[in-house]
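Just below is one structure, and these are the notes that go with it.
Numbering (my numbering), first residue to last: 1 to 500.
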């Protein structure tokens, strides 16, 4: 991943260039202030949090990794600092804050944001760093998908998947707390409301205080900084413990007991979003597959967490052998790696049915190492073959499909289910991929249509199958002027089976 402009400015500041730090404050003061205000509901407290966050940045400037997404780091630091502040307040002040937040949000006129805002920081805290960075870049900063992918060091397809996965986790969190919404609505609401303009003059005062490294800060601000640094260190330590499962491969029998305890802790208590993808770039380098022990994360509950990088490293929690194999046999596509969908994966009938955690972070050949581990542990191998099979060809029904609308948004998000398919700012290739995952059959885009579109269709789910494929196909034709034509053609498939 190339060093970002933000990290370059931070390095310049660390080398003595104070105007470089001023640029960073001006760039991110609104993000930090909005995050603090949303949690505290008090503008003066939010300003104090903002001062503390940028003072912390001056103290950490030399130690922040070049791979860090600085906006994500600042967001997390603001969130943790505000959370620490709240814990130091008495219950009366918290009740006042909640009342203030409710009145402020009600005035905003956005019912969904009214419900979402008080929960947003806690929901974001449940995400892993990689997913949180993606959400901050995509919707807090409104970066387009191409820029997002470049900053994360991923292919555009993989970056979009990461955003979609993170949005789904946010949706699940909100839903469990009585806030029902779609991922598209969540994305649009955050994009529109999450960052507001900080008070005039705050950037200037924060810059002056931060460049003095808190020398003129009040006692309360210094206490706040001290508490925030402790909380950040504790959060980092918990994450380090979580990824310690690989210690087994670089130590002896005494460490084995420790690793087993760590792994038990992972499965019983770890909120899986807390693992950070930055550990994929730190030693010890290892490849490991371990059984997921906790019944709390059964296959019915879905995957606990997953991250993959453009250079082939990755981890997954509570994944099936199929999921692990599809990670191990990702195909390089010139931009990163592309995944075989379940519809393009052929599995041996005797595959293990248990769930596993895996981690592979070798600087070179991480996926090759995972392939070897799969073979060693399960006597399984994968092979990419060109196979003639049933597919659906996505094409235009007429020369000028009337239902298609060029996109006016940069959201690049979508979901399908319950008789609805909704996508904004997506390409025809992305639509084909969504249809493939929904219908569970390979879909080949042959529309020759370029650019980004908004897709919105609805169909009747009253049928013998779910989803109702015929209902979806008819809706696609009537509402968008597109058709899915069944045919046979040779395509690349991943075949996973016994090695011997």
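Glycine is no exception: its CB is placed at the ideal position from the N, C-alpha and C atoms.
query                                                                                                                                                                           : result
Helix, strand or coil for residue 28? Go by DSSP, reduced to three states.                                                                                                      : helix
Whole angstroms are fine: how far does the CA of residue 440 sit from the CA of residue 487?                                                                                    : 15 Å
Touching or not, the stretch 41-53 and the stretch 180-195, by the rule of three or more beta carbon pairs under 8 Å?                                                           : no
By the 10 Å Cβ neighbour count, where 16 or more other Cβ atoms means buried, how is residue 489 classified, buried or exposed?                                                 : exposed
What separation, rounded to the nearest whole angstrom, lies between the Cα atoms of residue 191 and residue 172?                                                               : 19 Å
Among all the DSSP beta bridges, which residues are the ones paired with residue 311?                                                                                           : According to DSSP, residue 311 bridges with nothing at all.
Compute the Euclidean distance between the alpha carbons of residue 92 and residue 86, then round it to the nearest angstrom.                                                   : Model confidence at residue 92 stands at a pLDDT of 41, short of 50, so the residue's coordinates are unreliable; what they give is reported in the following sentence. So the two alpha carbons sit approximately 11 Å from each other.
In terms of residues, what are the limits of the alpha helix (DSSP H) holding residue 378?                                                                                      : 366-378
At a cut of 8 Å, does the stretch 195-212 reach the stretch 23-35 through at least three beta carbon pairs?                                                                     : yes
So, at 7 Å on beta carbons, what are the nonlocal neighbours of residue 78 in its own chain, with the 5 sequence-adjacent residues on each side left out?                       : 32, 35, 36, 49, 53
Which of helix, strand or coil does DSSP assign to residue 442?                                                                                                                 : coil
Roughly how many angstroms separate the alpha carbons of residue 445 and residue 397, rounded to a whole number?                                                                : 13 Å
Quick check on the DSSP output: the alpha helix (DSSP H) that includes residue 190 runs from which residue to which?                                                            : 183-193
Roughly how many angstroms separate the alpha carbons of residue 477 and residue 447, rounded to a whole number?                                                                : 13 Å
Cα-Cα, which of 407, 498, 393 is closest to residue 352?                                                                                                                        : 498
Considering only the alpha carbon of each residue, which of 433, 121, 181 lies closest to residue 160?                                                                          : 433
Is it right to say residue 360 is buried, meaning 16 or more other beta carbons lie within 10 angstroms of its own, or is it exposed?                                           : buried
On the DSSP letters alone, give me the boundaries of the beta strand (DSSP E) that residue 360 sits inside.                                                                     : 356-360
What is the DSSP secondary structure of residue 196, counted as helix, strand or coil?                                                                                          : coil
So what's residue 4 in DSSP terms, helix, strand or just coil?                                                                                                                  : coil
Which class does residue 498 belong to by DSSP, given the choice of helix, strand or coil?                                                                                      : strand
Is it buried or exposed, residue 251, if we count other Cβ atoms within 10 angstroms and call 16 or more buried?                                                                : Only weak support is given to the placement of residue 251: the predicted model assigns it a pLDDT of 38, under 50, and the value that follows is read from those uncertain coordinates. Exposed, since its Cβ has fewer than 16 Cβ neighbours within 10 Å.
By DSSP, does residue 320 sit in helix, in strand, or in coil?                                                                                                                  : coil
What do you get for residue 528, buried or exposed, if any count of 16 or more other CB atoms within 10 angstroms of its CB means buried?                                       : Outside the shown range of the chain (1 to 500) lies residue 528, about which nothing can therefore be said.
Closer than 6 Å by C-beta to residue 105: which residues in its own chain qualify, once you throw out the five before and the five after it? Chain order, please.               : A caution first: residue 105 carries a pLDDT of 40, below 50, which makes its placement in the model unreliable, though a value can still be read off. So the list reads 114, 117, once near-sequence residues are dropped.
Please return the same chain residues whose Cβ sits closer than 6 Å to the Cβ of residue 18, not counting the five positions on each side in sequence.                          : 211
Let me know the secondary structure DSSP gives residue 382 once reduced to three states.                                                                                        : strand
With the cut-off set at 8 Å, would you say residue 209 and residue 55 are in Cβ contact?                                                                                        : yes
Give the range of the beta strand (DSSP E) segment to which residue 131 is assigned.                                                                                            : It is not in any beta strand (DSSP E) - residue 131 instead sits in the alpha helix (DSSP H) that spans 129-135.
Which residue from 6, 127, 128, 125 puts its Cα closest to that of residue 68?                                                                                                  : 6
Three or more beta-carbon pairs under 8 Å between the stretch 363-381 and the stretch 322-330, yes or no?                                                                       : yes
How long is the line joining the alpha carbons of residue 268 and residue 292, rounded to whole angstroms?                                                                      : Only weak support is given to the placement of residue 268: the predicted model assigns it a pLDDT of 37, under 50, and the value that follows is read from those uncertain coordinates. If you take the alpha carbons of residue 268 and residue 292, they lie about 10 Å apart.
Who does residue 493 pair with in a DSSP beta bridge?                                                                                                                           : 385
Drop a sphere of 10 angstroms on the beta-carbon of residue 71, count the other beta-carbons inside from all chains shown, and report buried for 16 or more, exposed for fewer. : buried
Following the continuous alpha helix (DSSP H) through residue 53, name the residue where it begins and the one where it ends.                                                   : 43-60
May I ask which residues mark the beginning and end of the alpha helix (DSSP H) holding residue 477?                                                                            : 469-480
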